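A short worksheet on the structure shown next.
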Amino acid sequence: MPTRNTGYSFYCHMLPIQDAAALMQTPKKIFITTHHKPDGDAIGSMLGLYHYLVKKGHHVTPVSPGEIPDFLSWIPGVAHMLNYEEDRAAATQALEQSEIIFCLDFNDYSRTKHLEALLEAATQPKILIDHHLFPKPVWDYGISLPGKSSTCEMVYDYINICGDNQLIDTDIAECLYTGVMTDTGSFRFSITTASVHEMIADLKHKGLEHSFIHEQIYDSWSANRMKFLGYVLMEKMEIMPKYNAGLIALTRKELKLFNVHTGDTEGLVNYPLSIAGIRFSTLITERGDEVKFSFRSKGDFDVSDFSRKYFNGGGHFNASGGRSKTNFIETVDNFKKILSDIHPR
Ligand code: 5GP
Ligand code: MN
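This is the structure we're talking about:
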C-alpha cells in the first residue's frame with residue numbers, strides 16, 4: 073500500500089481534464105506555459121503537448137517564462153517556443169489572444185515569475201497538468217497527481233485519454249521521454265512505476281531512440297561545467313553526518329567566476345546523496361535579488377514540507393525548492409540553525 077506521494081488527486085477545486093475536451097472540438101488558439109527556470113520535464117511536457125495540439129489542428133504558442141538550459145536546446149519544437157524574457161511583446165499578445173491556457177509542471181502562478189500577473193488577470197479557461205503537491209485553487213480544469221513521475225507522463229496519459237495514442241510520433245516521444253527521464257533520475261527514483269516503463273516501451277515501439285536523448289542531456293557538458301563540478305565537490309561540499317545531511321552553498325561571485333550558465337548547476341544537489349548515510353541534500357545559490365534553495369531527500373524526510381515551512385517554497389516529497397530574500401551569509405546561517413533545531417534523520 074503506498075503511503076506517500078502516490079495515488080491521490082486534487083480534483084476538488086477544478087473540473088476533470090476530460091471535461092476540457094468540449095472546449096477543443098474546433099481549432100482554437102492555445103497558449104501553453106510552464107515554470108520559470110524550466111527543466112527537462114517543464115520543456116518536454118510543454119513541447120510534447122504543443123506537437124500533439126498542433127496535430128489536432130489548433131494554433132498553439134508555447135512560452136517559457138525565461139531562458140532554457142543549453143542541454144535542452146536540441147528538443148523538437150524549441151524553435152517555435154517564445155522566451156518571455158526575450159519576446160515579451162509577442163508572448164503577451166499570444167496570451168491575450170488565446171482562447172485556452174494550459175499550465176504545465178507548476179502549481180502556483182508565482183512559479184512563472186514574470187507571467188504571474190498576466191495569468192492572474194487572464195479570463196480564458198485555464199487547464200492544469202501537474203504533479204506537485206498542493207496546487208492553488210486557481211484552475212478551471214485539470215489534473216494534479218503527485219503520484220505521477222513527471223508532467224510528461226501525465227501529458228502521455230492525457231493524449232491516451234483523448235483516444236489519440238496513434239498520433240504520438242517521434243517528436244512527441246522525444247519531448248515526453250526527456251521529462252520522464254530527467255524527473256526520475258534516469259528511472260531510478262522510487263516514483264518510477266510500472267506504468268512509466270510501459271509508457272517508455274510504447275514510445276520505443278513508436279521509434280524513440282532513447283540513447284540520443286541521454287547523450288544530448290548528460291553528455292553535452294562544456295569543459296568549464298565539468299571543472300566547476302570538480303571545484304564544487306572538492307571545495308564547497310559540506311557533509312554533516314550528525315544530520316545525515318550534505319550542503320553546497322555557492323555565492324554569486326563563484327557562479328560568475330566559473331561563468332556558470334543556466335542549467336550548469338542542474339544535478340549538483342544530488343551528489344551528496346550518493347554518499348553512504350546522507351539522506352538530505354541542499355544546494356543554496358545566490359541568484360538575482362534572492363537566494364535559491366534546492367532540496368533533495370531519500371526516504372522519509374519530506375522536503376516539500378520543509379521548504380514550505382521555512383523557505384517559502386514547495387515541490388515534491390523528495391525534491392523541492394525555495395527562496396529567501398535575506399542576504400546569502402545570513403540565509404546559510406539560518407539554514408544551519410534550522411538544521412540543528414530539527415535534526416533530520
Ligand atoms: P529544483 O530544485 O530543481 O529547482 O526544484 C525541485 C522541485 O521543486 C521541482 O519540481 C520544482 O518545480 C519545485 N520547486 C522549486 N522551487 C520551488 C518553489 O519556490 N516553490 C514551489 N512550490 N516549488 C518549487
Ligand atoms: Mn516535473
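Residue numbering for the sequence shown follows our numbering, starting at 73 and increasing by one per position.
Note that the Cβ used here is the ideal one computed from N, Cα and C, for glycine as well.
The structure presented is a predicted model; accordingly, all values stated were derived computationally and were not measured.
Taken atom to atom, the span from the alpha-carbon of G339 to that of D111 is near 11 Å. By the CB criterion at 7 Å, S182 and N155 fall outside the cutoff. Cβ-Cβ separation between F352 and S369: approximately 5 Å, consistent with a contact (criterion under 8 Å). The three-state reading of DSSP puts H415 in coil, since its state is none of H, G, I, E or B.
Per DSSP, T334 has no beta bridge partner at all. When the alpha-carbon of H277 is set against those of G394, D372, N237, K299, the nearest one is in N237. Judged by the Cβ position, S392 fails to qualify as a neighbour of ligand 2 at the 6 Å threshold, every heavy atom of the ligand being at least this far. Contact check between the segment 291 to 308 and the segment 319 to 328: three or more CB pairs, one atom from each, fall below 8 Å, which counts as touching.
The Cβ neighbour count for E225, taken over all protein chains shown within 10 Å, is at least 16; the residue is labelled buried. Looking at the DSSP output, A162 shares a beta bridge with no other residue. Assigned with DSSP and collapsed to three states, I263 falls in coil, not helix or strand. DSSP places T223 inside the alpha helix (DSSP H), whose first and last residues are 223 to 233. The closest CA to that of G149, considering only K408, L121, S412, is found on L121. Counting only unbroken stretches of 3 or more residues, the beta strand (DSSP E) elements lying wholly within the segment 117 to 154 are 131 to 136, in sequence order. Given a length threshold of 4 residues, each whole run of the alpha helix (DSSP H) inside the segment 169 to 217 is given here in chain order: 188 to 193.
Per DSSP, G302 is one residue of the alpha helix (DSSP H) stretching across 295 to 303. Between the alpha carbons of S145 and H108 lies a gap of roughly 16 Å.
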